[in-house]
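Worksheet for the structure shown next.
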Amino acid sequence: MIAEHLRALGVRPGEILLVHSSLSSLGWVCGGPVAVVQGLLDALGPDGTLVVPTQTGSLTDPAGWSRPPVPREWWDTIRATMPAYDPRITPSLGVGVIPETVRTWPGARRSAHPHTSFAALGPRAAEMVDGHAADCRLGERSPLARLEAAGARVLLLGAGYDACTCFHLAEYRIPSPLVELGRPGPHGWEVVTEVSITSERFDELGHDFERDRPVARGTVGAAGARLFPLADAVAYAERWLAVHRPREEDFPHPAA
């Protein structure tokens with residue numbers, strides 16, 4: 001059923017598909033996330049490539065934790081003992097059970113960024129996720145730029161535009177503030193400077209994008225689904241964010 005609905009939406013065999021998903025939105029699925037991933041692979045066929053975000057937001061500085069916060073006296077201990085990111089074993093967090101199922105699927109490849117990795121299945125998986133720079137979460141040296149160049153499309157499967165990761169690529173292409181991020185590294189705690197990213201107002205951005213650009217809409221299981229070219233979304237977001245986001249000087253700058 002999943003594959004049939006995806007084909008009816010317009011998913012094509014052999015294409016590259018970046019999927020953001022919500023299993024609960026699909027309703028009851030016999031076989032759960034395994035059946036959903038199999039349905040995606042069936043719709044893409046043997047020549048298609050499936051890509052999902054497998055982010056690990058827990059590998060961050062405890063000073064910024066808020067749900068829940070931890071006492072200041074714990075921070076140094078957490079920084080000293082937090083395991084570094086390992087693409088083979090570090091579980092994803094906050095992106096749902098479908099991406100985690102893809103991550104652990106036989107033959108899956110996963111990118112190297114310790115916060116914003118992607119996992120992929122299919123003949124072009126390595127091409128899409130290898131070479132993810134450790135200091136480029138979602139910019140030109142991330143899988144998003146590879147996906148854009150390869151003509152990938154985005155499938156929102158029960159997920160909203162607030163989860164549309166490719167919009168972040170546009171943030172790297174407009175004047176954006178920088179932020180310092182702490183994380184566990186292979187040689188101990190490290191701090192890197194990155195472009196500041198936020199999904200704030202992505203729902204508004206998505207609404208306007210869908211109003212102005214072709215977006216295929218349909219239903220997969222009980223979930224609403226949207227399908228569109230990634231490059232179109234990024235190009236639209238560049239123009240939209242330049243107008244609707246505050247000026248760079250209105251953003252906070254990283255601490256000296």
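Under our numbering, think of the first position of the sequence shown as 1, with each following residue one higher.
Glycine is no exception: its CB is placed at the ideal position from the N, C-alpha and C atoms.
Contact under 9 angstroms by Cβ, residue i with residue j
| i | j | result |
| --- | --- | --- |
| residue 213 | residue 228 | yes |
| residue 119 | residue 11 | no |
| residue 16 | residue 216 | no |
| residue 166 | residue 230 | yes |
| residue 234 | residue 144 | yes |
| residue 199 | residue 149 | no |
| residue 112 | residue 156 | no |
| residue 55 | residue 95 | yes |
| residue 42 | residue 8 | no |
| residue 62 | residue 78 | yes |
| residue 18 | residue 121 | no |
| residue 173 | residue 115 | no |
Other residues of its chain near residue i: CB distance less than 7 angstroms, five sequence neighbours each side excluded
| i | result |
| --- | --- |
| residue 186 | 84 |
| residue 13 | 44, 45, 47 and 48 |
| residue 101 | 33, 34 and 37 |
| residue 159 | 20, 21 and 22 |
Residue i versus the options, residue with shortest Cα-Cα distance
| i | options | result |
| --- | --- | --- |
| residue 109 | 95, 124 and 98 | 124 |
| residue 30 | 244, 112, 221 and 199 | 221 |
| residue 60 | 41, 73, 50 and 80 | 80 |
| residue 180 | 190, 91 and 73 | 190 |
| residue 93 | 58, 6, 5 and 78 | 58 |
| residue 170 | 197, 116, 105 and 106 | 197 |
| residue 240 | 208, 154 and 50 | 208 |
| residue 126 | 177, 192, 184 and 107 | 107 |
Residue i, buried or exposed, once every other Cβ within 10 Å from all chains shown has been counted against 16
| i | result |
| --- | --- |
| residue 133 | exposed |
| residue 168 | buried |
| residue 1 | exposed |
| residue 237 | buried |
| residue 194 | buried |
| residue 73 | exposed |
| residue 39 | buried |
| residue 320 | Outside the displayed range of the chain (1 to 256) lies residue 320, so it cannot be described from this structure. |
| residue 257 | Because the chain here runs from 1 to 256, residue 257 falls outside it and cannot be looked at. |
| residue 178 | exposed |
| residue 211 | exposed |
Own chain partners of residue i with C-beta closer than 8 angstroms, once the 5 adjacent residues on each side are dropped
| i | result |
| --- | --- |
| residue 27 | 221, 222 and 223 |
6 angstroms Cβ shell around residue i - same chain, five flanking residues per side excluded
| i | result |
| --- | --- |
| residue 219 | none |
Count the CB pairs spanning the stretch 21 to 31 and the stretch 85 to 93 that are closer than 8 angstroms, and state whether there are at least three. no
Would you call the stretch 60 to 76 and the stretch 126 to 140 in contact, with 3 or more CB pairs under 8 angstroms? no
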